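Remarks on the structure that follows.
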Amino acid sequence: MKRVAVFTSGGDAPGMNACIRAVVRGAVYHGVEVFGIRRGYNGMINGDIFQMTSHSVSNIVQRGGTILKSARSREFMTPEGRKKAYEQLQKFGIEGLIAIGGNGTFTGATIFFDEFGIPTVGAPGTIDNDLYGTDHTIGFDTAVNTALEAIDKIRDTADSHDRIFFIEVMGRDSGYIAIQSGIAGGAELVMVPEVLTPISEVVETLKQGWDRQKSSSIIVVAEGDEEGNATEVAEKISRQVGTEVDMRVTTLGHIQRGGIPTAYDRILASRLGLGALEGLLNGQKNVMAGVVNNELVYTPFRDTIRLPKPINEDLLRMVKILSV
């Protein structure tokens with residue numbers, strides 16, 4: 001394989017630039033021409049493809065976001081769109097792809113290979129940490145630390161005003177950010193999509209705290225919790241405990257996606273970027289590079305897409321014990 005291309009797709013995540021840098025410099029080291037594709041599958045369809053050099057990735061390891069931009073492509077979901085993308089890759093003589101993204105990105109790559117035979121190796125770039133086949137995804141550690149910084153600051157206000165704060169963090173289908181930022185931030189309760197936490201249990205936890213003279217509380221809610229988002233949860237609880245209890249809702253939103261990546265994310269992204277490139281050069285295809293128990297592993301895309309990544313039960317148990 002003499003020519004490869006790298007692209008980012010789906011939601012951005014801190015550390016993506018470090019991953020791009022590792023792919024490009026790894027390719028240069030191995031004597032392989034490397035191209036960048038701007039704006040994911042949209043850029044592939046439109047031929048927004050350019051050759052990259054070692055200099056192309058200078059001074060980006062510390063930057064959040066992605067220098068290659070990102071987009072979600074409806075056109076790539078159609079056979080006509082994928083045919084256009086293939087024709088563009090053929091123009092540039094590109095023989096393999098490095099895809100930095102999540103489930104949607106890897107689903108597209110799987111279909112693309114089935115139709116046109118272009119092999120892809122993925123690097124897991126998503127703050128949600130919801131991909132089977134790796135202990136951590138690129139951007140997760142930074143997102144947790146961003147959420148934690150906000151929780152620490154909100155706790156000061158909660159304590160000063162004897163308030164209950166419901167803090168909503170990202171995680172439509174995954175509670176990893178909620179559980180880790182909640183434990184680190186000393187939350188009284190964490191609500192995640194993987195485990196049903198009835199409103200009655202939340203109310204009981206709050207009442208137990210009041211019996212112990214606890215005047216303020218932090219409840220971290222993943223946006224995809226079964227009981228609803230943080231605003232909906234707060235409204236349900238207000239109907240049970242009365243409006244005299246001072247409650248506030250803070251939604252952290254996309255602030256969790258941005259910012260300077262932590263050292264952990266930079267190192268993880270670099271390891272996965274180089275691992276994805278070298279896997280591709282060694283004949284791997286339709287797999288995601290991941291790190292499990294500190295070992296680089298390759299997991300088929302179909303498994304990363306299909307298999308769930310459950311929350312560690314010990315973490316959920318910790319929240320209950322430590323909030324007493």
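Numbering (the UniProt record's numbering), first residue to last: 1 to 324. For each residue, glycine too, the CB sits at the ideal point set by N, CA and C. In this text the structure is predicted, and so the values were computed from the model without any measurement.
- When you compare each of ALA123, LEU131 and ASP152 to PRO308 by their alpha carbons, which one comes out closest? Distances from the alpha-carbon of PRO308 to those of ALA123, LEU131 and ASP152 put LEU131 closest.
- Buried or exposed: where does GLN90 fall if 16 or more other Cβ atoms within 10 Å of its Cβ makes it buried? GLN90 should be labelled exposed.
- Query: Is the distance from the Cβ of ARG266 to the Cβ of GLY15 below 9 Å?
  - Reply: In contact: ARG266 and GLY15 (Cβ atoms closer than 9 Å).
- Task: Would you identify the three-state DSSP class for ARG39, choosing helix, strand or coil?
- Result: DSSP, reduced to helix, strand and coil, places ARG39 outside both helices and strands of the structure shown, so it counts as coil.
- Query: With which residues is TYR298 paired in a DSSP beta bridge?
  - Reply: Residue pairing from DSSP places TYR298 in a beta bridge opposite ALA289.
- Item | GLU194 - DSSP class collapsed to helix/strand/coil | DSSP, reduced to helix, strand and coil, places GLU194 outside both helices and strands of the structure shown, so it counts as coil.
- Query: Taking three-plus beta-carbon pairs below 8 Å as touching, is the segment 148–164 in contact with the segment 102–112?
  - Reply: Result no; under three Cβ-Cβ pairs closer than 8 Å.
- Check the DSSP bridge columns for ARG3 and list the partner residues they point to. The secondary-structure analysis by DSSP pairs ARG3 across a beta bridge with GLU33.
- Item | Residues sharing a beta bridge with THR250, DSSP | DSSP output for THR250 lists ILE167 as bridge partner(s).
- Task: Report the rounded CA-to-CA distance for VAL192 versus ARG302, giving the unit in angstroms.
- Result: Whole-angstrom Cα-Cα distance: 25 Å.
- From ALA71, ILE260, GLU227 and ASP12, residue whose alpha carbon lies closest to that of GLU194: Considering only alpha carbons, the answer is GLU227.
- Whole runs of the alpha helix (DSSP H) within the segment 35–116, excluding any shorter than 4 residues: Counting only runs of 4 or more, we get 40–46, 79–92 and 103–116.
- Message: Measuring straight from C-alpha to C-alpha, what distance separates ARG172 and GLU223?
- Response: Each residue's Cα considered, the two are about 5 Å apart.
- Task: Please report the residue range of the beta strand (DSSP E) in which GLY275 lies.
- Result: Taken as a continuous stretch (DSSP letters only), GLY275 belongs to no beta strand (DSSP E), being part of the alpha helix (DSSP H) at 263–281.
- Message: Please list the terminal residues of the continuous alpha helix (DSSP H) segment that includes PRO157.
- Response: A quick correction: the sequence has Thr, not Pro, at residue 157. Segment 140–161, the alpha helix (DSSP H) holding THR157.
- Message: On the CB-based measure, 16 or more other CB atoms within 10 Å of its CB, does HIS254 come out buried or exposed?
- Response: In summary, HIS254 is exposed, with fewer than 16 beta-carbon neighbours lying within 10 Å of its beta-carbon over all protein chains present.
- For GLY224, the three-state DSSP class (helix, strand or coil): Three-state DSSP puts GLY224 in coil, outside helix and strand.
- Message: Restricting to Cα atoms, I'd like to know which of ILE219, LYS214, ARG212 and GLY93 is closest to GLU201.
- Response: Of the candidates ILE219, LYS214, ARG212 and GLY93, the one whose C-alpha sits nearest the C-alpha of GLU201 is ILE219.
- Please classify GLN256: is it buried, with 16 or more other beta-carbons within 10 angstroms of its beta-carbon, or exposed? GLN256 is buried by the Cβ-count criterion.
- Query: How would you write the range of the beta strand (DSSP E) that ALA123 sits in, first residue to last?
  - Reply: 120–124 is the extent of the beta strand (DSSP E) around ALA123.
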